[in-house]
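Under our numbering, the first residue of the sequence shown carries the number -1, and numbering increases by one thereafter. From the three backbone atoms N, C-alpha and C, an ideal C-beta is built for every residue, glycine too. Contents: one structure, followed by commentary.
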Amino acid sequence: MNAAGFRRLAVATWVATFVLIVLGGIVRVSGSGLGCGPEGSGFHGWPFCNGDLVPGLDLNAVIEYAHRVAAGLVGLMILSLFLLAQSRRVEARGLRPLTAGLLVLVVAQAGLGGLTVEEGLDERLVAAHLGLAMLLLGGLLLLVRMSASARSTSADHRRSSKGVRWLAWATAVIVLATIVAGGYMAGTQNYGRPDYRLGDGAHHACGKEFPTCNGDFMPFGQSRLVDIHLTHRAFMYLAVLLTIALVVAAQRRRATAPLVARRARILGLLVVLQVLLGALNVWLDEYELLIVAHLALGTLVWAAALDTALASSLVRATVAEPTAAQPAVRPAAARAS
């Protein structure tokens, strides 16, 4: 496979991982997280499904098993990227350690998924599982950008100011924290557990109020579930403020760093849509489609935030087709002598 094929595989793996994350959300809201066996099932519930290699036709088991199959496919795609990066068919400066890291991440993610099932969908493990998925997606985005063809212009890669770079990376980190806090909140919902009741957990701990919460703005200390919900909101508010600051700063410097300015605008638009979608999730009853859409859009917000940070840090192409060595060009002064 040549360099162009490697880039296409990297993009396809990123897309497949995004789909896998969304599928994980479907597993969650459909109550299928324990579809292959209850808490404490051991190998009977993972990697097997109710003791079988292939599950029966129970809907929850099929949904959970589909998520596992998709995870296996993503793992094989990442393994392929790793093996290709080790070969000499692609000049892979910097890609070998990155693909090795991605391979470690996907193996760790599979193990964490099994532990999450074994521990009955503990909210801490649910949040960690989601956070690790975001890191995997982020690593794949870095791989895509590093392996991009050198078609961008030199104007696209003019250096951003140090302030913009710091702001971009701070925004990406807080967006990631917001998602992990949201995953922890989702983990309190008891989807798929025998004790599940509609409306339990932290989802509606503030009632149907946003931006207020139970008649106040940020009433931490009312209860554990309220605190979990408000932690997610607190990170969200900080992410919004940082995004606004980043968009403004990037637009002021768009003449010198147009790529960062463009990506910051995309991030700003996605953040606005995500806040509106999050508000709908509070104002309305629990609708599975809205919850999954919130996860999908939040994942895109994370990707956009990281992409903006990478653009500000001048991540350039490092993969190219092997070419014959070109003769060295003597300096003009040497030729004159």
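Rounded separation between residue i and residue j - CA only
i: Arg261; j: Ala301; result: 10 Å
i: Glu121; j: Gly199; result: 10 Å
i: Leu304; j: Asn188; result: 31 Å
i: Ile24; j: Trp281; result: 21 Å
i: Met144; j: Ala108; result: 25 Å
i: Ala168; j: Leu239; result: 11 Å
i: Lys160; j: Thr254; result: 13 Å
i: Met60; j: Ala10; result: In the sequence as presented, Met is not what sits at residue 60; that position holds Val. If I take the Cα positions, the gap works out to 24 Å.
i: Leu32; j: Gly185; result: 13 Å
i: Leu174; j: Arg222; result: 22 Å
i: Ile19; j: Gly266; result: 22 Å
i: Arg250; j: Leu139; result: 26 Å
i: Val270; j: Tyr285; result: 20 Å
i: Cys34; j: Thr241; result: 41 Å
i: Phe46; j: Ser310; result: 45 Å
i: Ala126; j: Leu113; result: 11 Å
i: Gln84; j: Ala68; result: 25 Å
i: Gly181; j: Asn58; result: 21 Å
i: Thr210; j: Gly219; result: 15 Å
i: Trp12; j: Leu308; result: 16 Å
i: Leu21; j: Thr306; result: 26 Å
i: Leu71; j: Met216; result: 43 Å
i: Asp50; j: Phe41; result: 10 Å
i: Ala2; j: Ala170; result: 28 Å
i: Thr15; j: Glu62; result: 16 Å
i: Val124; j: His65; result: 15 Å
i: Gly54; j: Ser30; result: 14 Å
i: Arg149; j: Val142; result: In this prediction, Arg149 scores a pLDDT of 45, lower than 50, which makes its location untrustworthy; no coordinate-derived value is stated.
i: His227; j: Met183; result: 6 Å
i: Asn0; j: Gly92; result: 17 Å
i: Gly213; j: Met132; result: 34 Å
Residues near residue i by beta carbon distance below 6 Å, same chain, minus five either side
i: Arg252; result: Ala259
i: Val245; result: Ala262 and Gly266
i: Glu37; result: Gly118
i: Leu128; result: Gly181
Where residue i sits in the DSSP three-state scheme
i: Asp305; result: helix
i: Asp225; result: helix
i: Gln220; result: coil
i: Glu286; result: helix
i: Leu119; result: coil
i: Ser145; result: coil
i: Gly199; result: coil
i: Gln187; result: coil
i: Ala255; result: coil
i: Leu128; result: helix
i: Ser78; result: helix
i: Ser158; result: coil
i: Ser311; result: coil
i: Leu55; result: coil
Residues near residue i in its chain [Cβ-Cβ closer than 7 Å; skip 5 each side]
i: Thr176; result: His230, Phe233, Met234 and Ala237
i: Ala98; result: Phe80
i: Arg94; result: Ala83 and Gln84
i: Arg163; result: Ser310 and Ser311
i: Ser152; result: Note that Ser152 scores a pLDDT of 48, beneath 50, so its modelled location is shaky and nothing firm can be said.
i: Gly296; result: Ile177, Gly180 and Gln272
i: Ala243; result: Leu165
i: Ala247; result: Gly161, Val162 and Leu165
i: Ile264; result: Ala302
According to DSSP, residues forming a beta bridge with residue i
i: Cys34; result: Cys34 is not bridged to any residue.
i: Cys211; result: Asp214
i: Cys204; result: None; Cys204 has no bridge partner.
i: Asp50; result: Cys47
Other residues of its chain near residue i: CB distance less than 8 Å, five sequence neighbours each side excluded
i: Val105; result: Gly73
i: Leu130; result: Leu103, Ala106, Gln107 and Leu110
i: Glu116; result: Glu37, Gly38, Ser39, Gly40, Gly43 and Trp44
i: Met75; result: Leu7, Ala10, Thr11 and Ala14
i: Val313; result: Its pLDDT being 44, under 50, Val313 is placed unreliably in this model, and the coordinates cannot settle the point.
i: Leu134; result: Thr15, Leu100, Leu103, Val104 and Gln107
Interface flag, residue i vs chain B, CB-CB below 8 Å
i: Leu174; result: Any reference to chain B falls outside this structure, which holds one protein chain only.
Within 8 Å, do at least three Cβ pairs link the segment 198 to 213 to the segment 273 to 291? yes
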